[in-house]
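Below is one structure, written out as structure tokens; the observations come after it.
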Amino acid sequence: MTFPPRPYTGRVIDVHDVAADTRRITVEIEGRQRLPFGAGQYMNLSVAGFEGRPFSIASAPHEALLEFHIKNSGHKNGKPGLSAHIAETLKPGHAITLEGPLGNIRWRPDGASRPLLMLAGGLGIAPLKSIITACLHGAGHPPVHLYWGVRTREQLYLDGFFRGLAKRTPRFSYIPVLSDEKDPAPCRGGLIGHAVAEDFETLAGFSVYMAGPPVMIDATLPLLLHKNAEEDYIFSD
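The sequence shown begins at 53 in the numbering used here and counts up one residue at a time.
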């Protein structure tokens with residue numbers, strides 16, 4: 053199912069620091085209406101005085117509020133960009149404009165019998181959290197394997213959430229991968245693609261969702277294909 057993009061007006065409900073440079077913003081659509089979107093899609097967000105920018109939806113379609121993870125990108129020439137403005141000044145009660153939903157990395161439940169391999173790099177965890185939450189919300193979900201690659205332990209701002217989910221959810225596994233830690237235990241060390249290549253003999257029959265920096269996706273794709281992942285079932289934006 054596709055959802056035509058359109059503009060919405062929202063109100064900030066909550067702002068919470070989840071990492072040193074990242075905030076979780078919770079938004080309610082005007083009139084408390086439920087925004088129709090596919091898990092994994094994004095919205096263009098804008099506030100007065102700033103052009104819109106895309107931000108992935110981290111909440112699932114069945115949840116009442118929209119959740120976004122905003123990384124502070126800092127200032128250029130002494131002026132904040134949109135992400136810095138949102139991270140530094142947005143507060144509960146403030147208005148925000150949204151347009152969407154947009155993006156091709158949405159969950160496709162028509163392939164529900166296929167195991168899911170979710171590969172997130174950094175803030176790419178946001179759209180995959182949406183997909184995982186939506187998938188596990190339904191009955192009889194397939195096996196779901198999440199690999200989250202970041203540089204340092206401090207960047208795993210949802211580590212507790214996913215570890216708890218793995219403990220209480222059958223057929224969901226969570227593997228954090230740290231690239232820049234000398235002693236990554238209990239996480240894995242190295243690069244996310246290498247961890248996947250070590251863990252799976254074959255990826256034939258899997259649906260693979262990737263979200264993160266282009267360099268991560270470009271480096272990981274050949275490893276997936278070498279493990280027989282099917283190009284028609286590899287999804288990324």
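Glycine included, C-beta positions come from ideal geometry on N, C-alpha and C.
The beta-carbon distance between Val-79 and Gly-62, rounded to whole angstroms, is 4 Å. This is short enough to meet the 8 Å contact definition. The three-state secondary structure of Phe-224, taken from DSSP, is strand. Selection Leu-180, Val-64 and Ile-244 evaluated against Met-268 yields Ile-244 as nearest (Cα-Cα). For the options Val-260, Gly-174, Glu-282 and Phe-258, the alpha carbon positioned closest to that of Ser-231 is the one of Gly-174.
A distance below 8 Å separates the beta carbons of Glu-233 and Thr-204. With contacts defined as CB atoms closer than 8 Å, Gly-92 and Ile-157 qualify as a contacting pair. Between Ile-81 and the set Lys-123, Ala-147, Thr-141 and Arg-75, the nearest pair of CA atoms involves Ala-147. Note on the segment 155 to 192: whole alpha helix (DSSP H) runs with a minimum of 4 residues are 177 to 189, in chain order.
Positions of the alpha helix (DSSP H) runs, each at least 4 residues long and wholly inside the segment 107 to 152, are given as 134 to 141 in order along the chain. Of the other Cβ atoms in all chains shown, fewer than 16 fall within 10 Å of the Cβ of His-68; this residue is therefore exposed. Residue state for Glu-283 is assigned as helix, using DSSP reduced to three classes.
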